[in-house]
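A quick write-up on the structure given underneath.
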Amino acid sequence: MARFCLPRDLYHGKGSLEMLKTLEGKKAVICVGGGSMKRGGFLDRAQKYLEEAGMEVKLIEGIESDPSVETVMKGASVMQEFGPDWIVAMGGGSPIDAAKAMWIKYEYPEVTFEDMCKVFGLPKLRKKAHFCAIPSTSGTATEVTAFSIITDYSKGIKYPIADFEITPDVAIVDPDLAETMPAKLVAHTGMDAMTHAIEAYVSTANCDYTDPLALHAIEMIKENLVKSYNGDMSCRSSMHNAQCLAGMAFSNALLGIVHSMAHKTGAAFEKGHIIHGAANAMYLPKVIKFNSKDATAAKRYAKIADFINLGGNTETEKIDNLIAYLRKMNDDLNIPHSINNYGEGGLPGETIVPEEEFLAKLHDIAANAILDACTGSNPRQPSQEEMEKLLKCCYYDTEVDF
């Protein structure tokens, strides 16, 4: 028996933010990030709509990118004092992910972060509050997923929280909010979405319910991402839908080792973070080559290539065409192909990850990636040696031939 879980209600299209007026409750807390929602006027509008619904509103502002365990605990403390019956999270993936983890701690004050990280092991939520998610970026799709990514900076590791309990009750996918994204963010979130869709399609947990969502998302991203990056707002709107479809797919089909590697390299290095979407973009072509040694995965990658008309006569040619297409997309989005060419802000340039540091940390990063929650549904299970070799290929941009 399998389960397919989505938010109870998903409102989409321009102006759908106004649906906040329809929520019923007495108190709402709004969780937001660094200020783009305030600058764009969306935070004020959200607060106004909730007040029109008859609720007292409190803000939790300034949630950082790659939110920390400490941020989660502080936000949960605010919620425990205020007592909301609605948690409304808006912005990029970070404030929504942080709010999901705050929600767990709010409902169960005795729970530890370690308890939260037990895969599909959370107690029942919604005893105190319901959850509404409103994305402003087109990539993470956390508004429809059973996942949250929180960083333990003391360990330099990003931990996925995975449980259907944290799937939002309401998602509002309003493309007006996505128009505020800078081009670099469009690129990184867009490749995150592409990775979600491809990994969901080849995951060992794929099914008839997730496959159509994944394939349609891949097709939409192919048609719209680069144009959205170059400023086409109609394509920006389409990407907002595409990333949500990819999220519906991977929340139910799960992911693979592209994400395992991205989680464990993201905060591991001294000079700065490897942005999650950029990490996915760099690692995805390498992982496709690695996974294609598995016969079932190879057939699925070839099906993707056929579905988006990449050509090729043999299965191998089709997979190679898919890899080449993704590398070309990275070029079009100004994303580097390797860690040793990953500069500040995720752009190609002088690396923020020196070779000596990478090699010194390689064993532990590989071991942590293997233990990541996303590894279990990858179609080919890597050994420690294979994971280290794969990470080296991602560092040096060398061929995966094992």
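In the working numbering, the protein residues as written are 98 to 499.
Glycine included, each C-beta is placed from N, C-alpha and C at the ideal position.
This one's a predicted model, so the numbers in the text were calculated from it and none came from an experiment.
Query	Result
Under the three-state DSSP convention, the category Met187 falls into	strand
Cα-Cα separation between Arg142 and Leu156, rounded to whole angstroms	13 Å
Residues bridged to Glu153 [DSSP beta-bridge criterion]	Lys124
Exposure label - Lys52; buried when at least 16 CB within 10 Å	The structure shown does not extend to residue 52, since the chain is modelled only from 98 to 499, so the question has no answer here.
Beta-bridge partners of Ile201, as assigned by DSSP	Answer by DSSP bridge pairing: none, since Ile201 is not bridged.
6 Å CB neighbourhood of Glu204 in its chain, flanking five on each side removed	Leu222, Lys224, Lys225
Test item: CB-CB of Val166 and Phe228 under 9 Å	no
Length of the line joining the Cα atoms of Ala243 and Phe455	32 Å
Secondary structure of His512, DSSP reduced to three states	Coverage of the chain is limited to positions 98 through 499, which leaves residue 512 absent and any answer about it impossible.
Chain B contact for Ile157 (CB, 9 Å cutoff)	Among the chains of the structure shown, chain B does not appear; only one protein chain is present.
Per DSSP, cross-strand counterpart(s) of Thr248	Ser165, Lys255
Simplified DSSP state of Asp260, which is helix, strand or coil	coil
Environment of Phe139 [buried if 16+ CB atoms lie within 10 Å]	buried
Tyr493 versus Ile436: straight-line alpha-carbon distance, rounded	7 Å
Where His313 sits in the DSSP three-state scheme	helix
Residue span of the beta strand (DSSP E) that contains Asp106, given as start and end	106 to 109
Where Ala470 sits in the DSSP three-state scheme	coil
For Ala399, three-class secondary structure by DSSP	helix
Exposed unless 16 or more other CB atoms sit within 10 angstroms - verdict on Met98	exposed
Expected contact under 8 Å - CB spacing of Met170 and Val323 to nearest Å	With a Cβ gap of about 40 Å, Met170 and Val323 do not count as contacting.
Identified DSSP bridge partners for Cys229	Val185, Val267
Option nearest Met317 by Cα separation, candidates Ser300, Ile467, Met288	Met288
Continuous alpha helix (DSSP H) stretch holding His370: start and end	Element bounds for His370: n/a, residue is neither H nor E.
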